[in-house]
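S.K.: If you scroll down you'll find the structure; I have some questions about it.
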Amino acid sequence: MAEIIDCLRELPETLKLMKDFIAKVNASMTHVSDNSMSISMSSAMSSSESEGEMHLLPGKSVAVSKRSFLRLNRTRMTVFAQELAVLIFSKDTLANSTLTRRNGRGDMTKGQLDVAKVQAITDAVIEEFPGTTVSEVRAALHRKCNNEHFSHKRP
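Position 108 of the sequence shown, counted from 1, bears residue number 782 in the numbering used here, the numbering being contiguous throughout.
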């Protein structure tokens, strides 16, 4: 019985911490569009306060979950770039978009990825892998869009 009473006494402080955390997540959502939000509310509710921190990419216009950013695979530039793209854009957005709006035949049948977000990815990759060129990063993003498009077409 004493344990229950102790838990009930701690409940207001726990609720206050949760409300503060949710407020921080909501505030950070103003920097990130709905389709590129990298933290779901369910994971935000179960995460500790430090895990809800956001990491600003170079250029300071795009933010991703700091925890997710630190967990990105850094063995190869292409893997890092493609995983970062999934954090920023949804897989569906990548499947239905290109870097330039043009498909392989030159038609403008797909949407264009947000230029500022592509630039943020490019800058983050070059910062993480010095010596990488912009064209190498764009090639990795192009491959990711193609791969997602192909995987979405399959039943």
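Cβ coordinates follow ideal geometry from the N, Cα and C atoms, glycine included.
Threshold first: 4 residues or longer. Then list the alpha helix (DSSP H) segments lying entirely within the stretch 727-775, N to C.
M.R.: Counting whole runs of 4 or more residues, the stretch 727-775 contains the alpha helix (DSSP H) stretches 740-744, 751-762, 765-769.
S.K.: Since residue 803 contacts residue 751 with CB under 8 Å, what's their CB separation in whole angstroms?
M.R.: With a Cβ gap of about 4 Å, residue 803 and residue 751 count as contacting.
S.K.: Got a sec, what are the start and stop residues for the alpha helix (DSSP H) residue 796 sits in?
M.R.: Where residue 796 is concerned, the enclosing alpha helix (DSSP H) stretches over 789-802.
S.K.: For residue 787 versus residue 771, is the C-beta spacing smaller than 7 Å?
M.R.: It is a contact, given that the beta carbons lie within the stated cut-off.
S.K.: Which residues in the same chain as residue 811 place their Cβ atom closer than 6 Å to its Cβ, once the five residues preceding and following it in sequence are excluded?
M.R.: These residues qualify, in order along the chain: 755, 796, 799.
S.K.: Report all residues from its chain with a CB closer than 7 Å to the CB of residue 765; omit the five preceding and five following residues, and keep chain order.
M.R.: So the list reads 822, once near-sequence residues are dropped.
S.K.: Residue 790: buried (16+ other C-beta within 10 angstroms of its C-beta) or exposed?
M.R.: Flag for residue 790 reads exposed.
S.K.: What separation, rounded to the nearest whole angstrom, lies between the Cα atoms of residue 692 and residue 744?
M.R.: Distance between the alpha carbons of residue 692 and residue 744: 23 Å.
S.K.: When the Cα of residue 793 is compared with those of 736, 783, 694, 826, which residue comes out closest?
M.R.: The shortest Cα separation from residue 793 among 736, 783, 694, 826 belongs to 736.
S.K.: According to DSSP, residue 785 sits in a beta bridge with which residue or residues?
M.R.: Partner(s): 771.
S.K.: Measure the C-alpha to C-alpha separation of residue 741 and residue 688 and round it to an integer number of angstroms.
M.R.: Roughly 22 Å separates the two Cα atoms.
S.K.: Tell me whether residue 721 sits in a helix, a strand or coil according to DSSP, three-state version.
M.R.: Residue placement at residue 721 is poorly supported in this model, since its pLDDT is 41, which falls under 50; the coordinates still yield a value, given next. Here residue 721 sits in coil by DSSP.
S.K.: Going by alpha carbons, who is nearest to residue 816 out of 746, 683, 775?
M.R.: For the residues 746, 683, 775, the minimum Cα distance to residue 816 belongs to 775.
S.K.: Put residue 692 into one of helix, strand or coil per three-state DSSP.
M.R.: In this structure, residue 692 counts as helix in the three-state DSSP scheme.
S.K.: How would you label residue 739, buried or exposed, when you count the other beta carbons within 10 angstroms and need 16 or more for buried?
M.R.: Per the 10 Å Cβ criterion, buried.
S.K.: What is the rounded straight-line gap between the Cα of residue 676 and the Cα of residue 686?
M.R.: Rounded to the nearest angstrom, the two C-alpha atoms are 17 Å apart.
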